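Residues 4 to 343 (the working numbering) make up the sequence shown, in order.
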Amino acid sequence: MILQSVAIVGGAGYIGSHVAKAFRDDGFEVHILDNLSAGAKGNVLSGTIFHHCDILVPSSLDRFFGTQKVAGVVHLAARKAVGESMNIPLVYTEANVIGTHNVLASMYRYGCKHFIYSSSAAVYGTPDYLPIDEDHPLNPDNYYGYTKKCSEEMISWYGKLVGISSISLRYFNAVGYDHAGEIRGIESNPNNLLPRVMECAIGVRDHIDVFGVDFDTEDGTGVRDYVHVSDLANAHLLAMKYALTCSEKACTHSLNLGSEKGASVYEIIKASREITGRKIPTKEVVRRPGDPATLIASSQQAMEILGWTPKHTDIRDMIETTWEIYKELESAYYASKNRT
Ligand code: UD1
4 MILQSVAIVG GAGYIGSHVA KAFRDDGFEV HILDNLSAGA KGNVLSGTIF HHCDILVPSS
64 LDRFFGTQKV AGVVHLAARK AVGESMNIPL VYTEANVIGT HNVLASMYRY GCKHFIYSSS
124 AAVYGTPDYL PIDEDHPLNP DNYYGYTKKC SEEMISWYGK LVGISSISLR YFNAVGYDHA
184 GEIRGIESNP NNLLPRVMEC AIGVRDHIDV FGVDFDTEDG TGVRDYVHVS DLANAHLLAM
244 KYALTCSEKA CTHSLNLGSE KGASVYEIIK ASREITGRKI PTKEVVRRPG DPATLIASSQ
304 QAMEILGWTP KHTDIRDMIE TTWEIYKELE SAYYASKNRT
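Next comes the structure, spelled out in structure tokens:
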């Protein structure tokens, strides 16, 4: 039985496709809006409806919202490379801030009032205390984090002024893959740690750079709160269900999503070596600018408000589900090399 329709903007991306799966499996009619610049057609799940749509082309959004009646929107389409955001800030303003404005404006024009936003722990910057809760000051260290903070503020004004209910979800470090193996797309030229470690395991990359071994952490490497992408996806579903109850008076929340546990770069590499059985050579290099030593979430508010509980909090589970995808690619990669 179909409950309601939702639009997932950026639903052909890594996190977006997992979000689409959570909604589809819960009985929603799912519309995927994506321009496929970073997402892949292969990530568009069966049982969902694809619309080629660009958040920087308002007419393409209007075409969608003008013809489809959806109860709410999950907006994930964005640029997300922290280093790149410092070099090409205007591109990040356009994609992340103006793009978000365009989605909200089109929703407003067509009377759609429920909005779930893909935000980031990058809004906090270097933490003053741990674990980081939502009362922590917002001092992003990089332009990517600023675009997320700026968008959150704009979204909250849309709540006050035009009655759009919203929940901004501040992800810590998203990793892992769907346990059923339905989502198999990978990112090309990834910047994040685990996909790079996996590329190293299958021999596409000859080593992994460890960005700093002199942090004030147990083994000297950066500690992050890794959260399974399927847990993140489930939080979007719960957030939408919550927002849909806020029809009379618009609600606005910003909530952390993390496992509330930290793992260091070396711990990730060690566990990856054990799981993959591969060597995964490392090279210790200088710190990446703007990288804090430790980021760990308090997710208490998401637990209290949404009733969210992350289920896959074991880092080995996150690595194993990722390895399942890369292992298969490895065979395809070497089969194609042998043919040439
Ligand atoms: C950053 C953002 C996060 C955002 C994510 C999206 C901050 C503080 N965090 O996460 O909000 O959602 O990007 O991409 O801005 N590392 C290596 N070698 C590598 C790659 C990474 O040692 O080749 C280390 C990093 O120094 C860090 C850890 O691995 O300690 C995780 O890095 P990464 O996966 O890039 O994520 P964040 O930078 O934590």
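Glycine included, each C-beta is placed from N, C-alpha and C at the ideal position. Predicted model only: the values in this text are computed from it and were never measured.
Segment contact: the region 217 to 230 against the region 160 to 173, fewer than three CB-CB distances shorter than 8 Å; contact not assigned. Take the alpha-carbon of K314 and the one of K264: they are about 13 Å apart. D65 and A183 have their C-alpha atoms roughly 35 Å apart.
Here the region 238 to 258 lies against the region 297 to 311, with 3 or more beta-carbon pairs under 8 Å apart.
Note that the region 202 to 218 does not touch the region 128 to 138; fewer than 3 beta-carbon pairs, one per stretch, sit closer than 8 Å. Comparing alpha carbon positions, the residue from K282, V268 and T279 closest to D294 is V268. Judged by DSSP in its simplified three-state form, S262 adopts coil rather than helix or strand. When C-alpha distances from T103 are compared across A246, A80, I91 and A124, the shortest belongs to A80.
In the three-state reduction of the DSSP assignment, A10 falls in the strand class. At a threshold of 6 Å, N99 does not count as near ligand 1, since its beta carbon sits no closer than that to any of the ligand's heavy atoms.
Taking 6 Å as the cut-off, the C-beta of A124 counts as close to a heavy atom of ligand 1.
DSSP places F31 outside any alpha helix (DSSP H), giving it a letter other than H or E. Rounded to whole angstroms, I205 and Y180 show a C-alpha spacing of 17 Å. Only residues of its own chain outside the window of five on either side were considered, and among them D209, H210, I211, R281, I283 and P284 have a CB closer than 8 Å to the CB of C203, listed in chain order. Inter-residue distance for S20 and D28 is about 12 Å (C-alpha atoms, whole angstroms). Ligand 1 has a heavy atom closer than 6 Å to the beta-carbon of G225. Ranking A84, V47, S88 and G114 by CA distance to the CA of Q71 puts G114 first.
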